[in-house]
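A quick write-up on the structure given underneath.
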Amino acid sequence: MSELSRPEEDLQEPGEAQGPVEVQLLAAEVGEAPRDLASYPPASCSTPVEPLPREILNEMMANLMKFLLLKYRAKKLTSLAEMLNNVFRDNQEHFPVVFSQALEYLQLAFGVEVKEVDPTEHIYVLVPTLGLTCDEMLSDGQGLPKAGLLVLVLSVIMCSGDPAPEEAVWGALSRMGVYVGSEHCFFGEPRELLTQVWVWERYLEYQQVPDSDPARYEFLWGPRAYAETSKEQVMAFVLRVTQRVLRAFSLLSAEAAREEE
């Protein structure tokens with residue numbers, strides 16, 4: 007998992023990645039495959055798919071996610087043929103299952119959606135969830151997409167009344183394994199991200215509660231959040247995926263903790 011957070015120029019080609027990654031655990035939890043999976047070329051029905059060891063499936067999952075995240079950072083299209091040749095090679099019959107699980111993970115944890123733009127040639131584009139453009143400010147391709155986390159923060163603020171007490175926001179994030187004051191391997195230090203980076207980008211507002219003594223602070227939606235999405239869109243998205251998001255972040259943080267031990 008930690009390899010996903012390395013700078014773009016340091017990432018190996020997908021076929022060269024080393025070591026298993028526990029991404030399959032997330033896939034087993036989230037379960038539901040994307041609806042457009044029916045449009046992907048299926049494995050041959052006449053040839054049974056030979057089971058692979060979990061370590062190999064995990065490695066394929068990690069390699070595919072790295073490949074897709076590199077395309078997302080570079081704002082490039084990709085294709086079925088490119089994914090098969092670069093990631094799956096001699097295991098192409100496992101593409102449908104691994105691909106559907108990788109798409110689920112990218113959407114829930116990183117806020118990246120993969121959409122088919124050419125059904126005939128199977129060409130895909132990677133776009134941010136709900137049209138949020140916060141990831142465009144990643145400097146020099148550094149860091150991982152954070153639109154998924156931003157959607158969750160916006161939903162917490164909305165459900166808490168907008169403005170939301172900062173303790174409500176930190177409490178919600180802690181239940182997902184993202185702790186204030188603790189560096190997260192994918193999202194960095196959340197206090198800096200929420201109170202500085204996203205405030206500067208105008209996705210959030212962070213202000214003192216009027217007349218509070220001792221001082222208390224609260225979060226509000228910022229003008230850029232209103233410009234790029236809406237509370238109705240965020241609510242619809244969260245209602246659709248809430249339980250899977252919680253499991254995704256929990257497993258993400260558990261995996262990061264295991265790597266740090």
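Per the working numbering, the very first residue in the sequence shown carries number 7; after that it's consecutive.
Each residue gets a CB set at the ideal place from its N, CA and C atoms; glycine is no exception.
None of these values were measured; they are calculated from a predicted model.
| Asked | Found |
| --- | --- |
| Please report the residue range of the alpha helix (DSSP H) in which phenylalanine 225 lies. | That residue, phenylalanine 225, is in no alpha helix (DSSP H); its beta strand (DSSP E) goes 223-227. |
| Is it a yes or a no for the segment 223-235 touching the segment 199-213, going by three-plus beta-carbon pairs under 8 Å? | yes |
| Can you find the residues in the same chain that come closer than 7 Å, C-beta to C-beta, to glutamate 224, ignoring five residues on each side of it along the sequence? | Pro169, Ala170, Pro171, Glu172, Gln213 and Val215 |
| For the beta strand (DSSP E) holding valine 133, just list the boundary residues, first then last. | 129-134 |
| Do you know how far the Cα of leucine 179 is from the Cα of glutamate 88? | 36 Å |
| Let me know the secondary structure DSSP gives glutamate 28 once reduced to three states. | In this prediction, glutamate 28 has a pLDDT of 30, which is less than 50 and means its spatial position is unreliable; nothing more can be read from the coordinates. |
| With DSSP collapsed to three states, give me the class of glutamate 207. | coil |
| Using DSSP bridges, identify the partner residues of methionine 84. | Just to set this straight, residue 84 is threonine in the shown sequence, not methionine. Looking at the DSSP assignment, threonine 84 forms a beta bridge with Tyr130. |
| DSSP beta-bridge partners for aspartate 124? | Ile129 |
| Shortest alpha-carbon distance to glutamine 113 belongs to which of Glu127, Gly137 and Val93? | Gly137 |
| Along the chain, where does the alpha helix (DSSP H) containing cysteine 140 start, and where does it finish? | Careful: cysteine 140 lies outside any alpha helix (DSSP H) and carries neither H nor E. |
| According to DSSP, is tyrosine 212 part of a helix, a strand, or is it coil? | strand |
| I'd like to know if the segment 124-141 and the segment 72-87 are in contact, where contact means that at least 3 CB-CB pairs between them fall below 8 Å. | yes |
| Using the C-alpha atoms, what's the distance from threonine 201 back to glutamate 127? | 44 Å |
| I'd like to check one pair, glycine 117 with alanine 157: are the Cβ atoms closer than 7 Å? | Strictly speaking, residue 157 in this sequence is valine, with alanine absent from that position. Contact: yes. |
| Can you tell me where the alpha helix (DSSP H) with alanine 174 in it begins and where it stops? | 172-180 |
| Nearest by alpha-carbon distance to arginine 95: which of Glu110, Tyr111 and Asn69 is it? | Asn69 |
| Which two residues bound the contiguous alpha helix (DSSP H) that contains glutamine 202? | Premise fails: glutamine 202 is in no alpha helix (DSSP H) and is neither H nor E. |
| Going by other Cβ atoms of all chains shown within 10 Å of its Cβ, with 16 needed for buried, is leucine 43 buried or exposed? | Any reading at leucine 43 is ruled out, since the residue's pLDDT is 36, under 50, leaving its predicted position unreliable. |
| Within the same chain, show all residues whose beta-carbon is closer than 6 Å to that of tryptophan 204, passing over the 5 residues directly before and after it, in chain order. | Leu210 |
| Alpha carbon to alpha carbon, how far is leucine 160 from arginine 197? | 15 Å |
| Buried or exposed: which applies to leucine 245, given that a residue is buried once 16 or more other Cβ atoms fall within 10 Å of its Cβ? | exposed |
| Is valine 118 helix, strand or coil by DSSP? | strand |
| Classify alanine 153 as buried or exposed, calling it buried when 16 or more other Cβ atoms lie within 10 Å of its own Cβ. | buried |
| For histidine 190, write down the residues that DSSP places opposite it in a beta bridge. | Gly194 |
| Please go through the same chain and pick out, in chain order, the residues whose beta-carbon is closer than 7 Å to the beta-carbon of proline 220, but skip the five residues on each side of it. | none |
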